Amino acid sequence: MILGIETSDLLCSVAYIKDDRILAEYSHELPKQHAALVGSLVENAGKFLAVNKLTALNFMEDLKLVAVSIGPGSFTGLRIGLSYAQGLCLGKQIPLVGISNHQVLADNCPDGHKNVFTLIDARQGEVYLATMIRNHTFFKIKDHRIVDKNNLVNEIDKNAVLICSDKVCLSESIKYELIKKHIQLITSARYAAALTAKIGWRKYQDTGADNLADLEPLYIRSFAGIR
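This note's numbering applies: residue -17 is where the sequence shown begins, and numbers increase by one.
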């Protein structure tokens, strides 16, 4: 069984999956409450599994892997989720993998596309833009950078796929320029602990666990106040 933890945005989400099937997924959207929420969500979802006999009475006994979102996203939220995951994995001797939100977005790419970019809001009129590479069963980040929205189209190749969530606000003029370059825009992607868990399992099978002590949030931009 795999536990996924997503705390990179307003949504605090945890999920348990097994054999690529979601056993339980609990989510709450409460600003600045991730520290109080994440542990209780993990515990409550686990107890739900035990009560419904979907896992052992002590659900932690069935836990084989933890996958946690490492951003980019909320500075505070990312640190809370990662710190919780590191503490849990250290105490229970469970392997840990970090999954970027860019990888979660790229997982929404239609089959057959190789030229893939992902987009995350960075505020201040900027976005986090990543070039993605498909690696067997999941995407890896080739490179990532902060880009001014007004220069976004120039940073993306013709005939590419650009994937973001519906929270990214792009002007009609930018969308028009994307169309002119035959760039397919997908805005239906979302972040969720279940997706983090599924991608985490694929990554673990391919490259193994991350170093528990060395894993850090993918901030890209230096901290500049509470987000």
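Note that CB positions come from ideal geometry on N, CA and C, so glycine has one too.
Treat the numbers as computed from the prediction; the structure is a model and nothing was measured.
Query raised in the report: Which value, in whole angstroms, describes the spacing of the CA atoms of V150 and S(-5)?
Result: Roughly 20 Å separates the two Cα atoms.
Query raised in the report: Is the beta carbon of L47 sitting closer than 8 Å to the one on I76?
Result: L47 is a Cβ neighbour of I76, given a cutoff of 8 Å.
**Report entry** Own chain partners of G107 with C-beta closer than 6 Å, once the 5 adjacent residues on each side are dropped
**Finding:** If the five residues before and after G107 are omitted, its C-beta is found closer than 6 Å to the C-beta atoms of K131, all from its own chain and listed in chain order.
Query raised in the report: Between H84, L200, K35, A142, which lies nearest to L177 when the distance is taken from Cα to Cα?
Result: Comparing Cα-Cα distances from L177 to each of H84, L200, K35, A142, the minimum goes to H84.
Query - Which of helix, strand or coil DSSP assigns to K122 - result: Strand, per DSSP.
**Report entry** Cutoff 8 Å: T178 Cβ touching any chain D Cβ
**Finding:** Among the protein chains of the structure shown there is no chain D, as only one such chain exists.
Report task. Return the residue from the list I102, V98, L167 that minimises the CA-CA distance to I115. Result -> Residue V98 holds the alpha-carbon nearest to the alpha-carbon of I115 among I102, V98, L167.
Report task. Answer yes or no: do A104 and I128 have a C-beta to C-beta separation smaller than 8 Å? Result -> Going by beta carbons, A104 and I128 fall inside the 8 Å limit.
Query raised in the report: Which runs of the beta strand (DSSP E), 3 residues or longer, sit entirely within the segment 139 to 209?
Result: Whole beta strand (DSSP E) segments, 3+ residues: 143 to 147, 166 to 171.
**Report entry** Status (buried if at least 16 other CB within 10 Å, exposed otherwise) for D1
**Finding:** Using a 10 angstroms sphere on the CB of D1, the tally of other CB atoms stays under 16, which defines it as exposed.
**Report entry** Residue of A195, A174, N141 minimising C-alpha distance to K96
**Finding:** Measuring from the Cα of K96, the nearest candidate turns out to be N141.
**Report entry** Option nearest L(-7) by Cα separation, candidates N193, M(-17), A18, L5
**Finding:** Of the candidates N193, M(-17), A18, L5, the one whose C-alpha sits nearest the C-alpha of L(-7) is A18.
Query - Cα-Cα separation between Q68 and E154, rounded to whole angstroms - result: Distance between the alpha carbons of Q68 and E154: 42 Å.
Query raised in the report: Between R61 and A32, what straight-line distance do the alpha-carbon atoms span, to the nearest angstrom?
Result: Approximately 29 Å between the Cα atoms of the pair.
Query raised in the report: Considering only residues of the same chain and omitting the five flanking positions on each side of R184, which have a CB-CB separation below 6 Å?
Result: Only T119, F120 meet the Cβ criterion.
**Report entry** Rounded straight-line distance, which links the Cα of E25 to that of S51
**Finding:** Straight through space, the alpha carbons of E25 and S51 are spaced by roughly 18 Å.
Query raised in the report: Beta-carbon separation of A191 and I(-16) under 8 Å?
Result: Between A191 and I(-16), the C-beta spacing is not below 8 Å.
Report task. Could you check how far apart the C-beta atoms of S(-10) and S65 are, in whole angstroms? I think they sit under 8 Å. Result -> The pair is not a contact, with the Cβ atoms about 14 Å apart (cut-off 8 Å).
Query raised in the report: Can you name, in chain order, every residue of its own chain whose Cβ lies under 6 Å from the Cβ of L23, other than the five neighbours on each side?
Result: The beta carbon of L23 sits closer than 6 Å to the beta carbons of V(-4), Y8 from its chain, once the five residues preceding and following it are set aside; these are given in chain order.
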